[in-house]
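Contents: one structure, followed by commentary.
In the UniProt record's numbering, the protein residues as written are 1 to 219.
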């Protein structure tokens with residue numbers, strides 16, 4: 001049986017290459033056919049794995065655009081934000097999966113195989129993921145400074161200019177939760193004010209890539 005052809009889609013280099021590394025050991029089952037930045041895939045694949053890290057909006061526009069692309073195949077959202085409403089919205093739009101980024105590489109491969117066979121796979125909300133508990137093969141901006149996935153995503157959105165209320169609305173978290181993540185992140189990176197946090201984010205890869213959208217991984 002031929003391996004499933006997968007495109008990995010996100011706006012951050014470190015995220016996309018971390019996903020590629022996570023799947024590498026299962027190359028006989030999953031072929032990473034393309035790495036993509038921005039909502040575009042230019043090679044036909046069986047599944048597009050859309051990592052939502054750093055998305056400043058809910059992502060429905062990108063999802064709708066991707067679903068209209070015949071090269072995308074099955075579209076799967078890969079996220080730490082397992083809010084049931086967001087999962088239901090994604091499936092209602094036509095996504096074939098809504099998967100938890102805390103799953104192991106093997107669990108991800110098995111989920112992708114089920115999706116390739118026509119199943120819809122939705123992860124259940126589980127425990128909070130920290131930098132210590134998440135897969136060692138996944139990467140995200142700021143992980144090397146001890147930022148948890150949620151702290152890093154909040155920092156990425158701050159760097160993009162979102163307010164606390166914007167971030168809370170996007171992530172379905174309370175303002176108090178957002179403030180707690182911000183305080184923790186600020187302690188870890190050694191800043192005290194939002195302007196300092198934005199500067200730190202600009203200097204440490206917290207802005208999405210620009211001008212670079214696609215890399216064909218075919219041999």
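Idealized CB from N, CA, C, for every residue including glycine. On a predicted model such as this, the values are computed, not experimentally measured, just so you know.
Check	Outcome
Where residue 220 falls, given that 16 or more other Cβ within 10 Å makes a residue buried	The requested residue 220 is not part of the displayed model; the chain covers only 1 to 219.
Residue 5 in three-state terms, based on DSSP	strand
Residue of 204, 147, 113 and 165 minimising C-alpha distance to residue 28	113
Outcome for residue 155 when other beta-carbon atoms lying within 10 angstroms are tallied against a minimum of 16	buried
Presumed contact (8 Å Cβ cut-off) between residue 159 and residue 201, rounded CB distance	3 Å
Range covered by the alpha helix (DSSP H) that runs through residue 205	That residue, residue 205, is in no alpha helix (DSSP H); it is neither H nor E in DSSP.
Length of the line joining the Cα atoms of residue 164 and residue 151	13 Å
Cα-Cα separation, residue 31 to residue 41	15 Å
Option nearest residue 55 by Cα separation, candidates 9, 35, 106 and 195	9
For residue 49, the residue or residues it bridges with in DSSP	8 and 76
Residue(s) in a DSSP beta bridge with residue 181	BP columns for residue 181 are empty, so no partner.
Rounded straight-line distance, which links the Cα of residue 2 to that of residue 197	47 Å
Whole-angstrom distance between residue 45 and residue 65, CA atom to CA atom	16 Å
Sequence-distant residues of the same chain with beta carbon closer than 8 Å to residue 157, five excluded per side	54, 56, 166, 167 and 170
Cutoff 7 Å; reference residue 186; Cβ partners in own chain excluding five residues on either side	192 and 197
Whole-angstrom C-beta distance between residue 18 and residue 139, which should lie under 8 Å	3 Å
Straight-line Cα distance separating residue 119 from residue 61	24 Å
Three-state secondary structure assigned by DSSP to residue 31	strand
Whole-number beta carbon distance between residue 90 and residue 63, since they are thought to touch under 8 Å	6 Å
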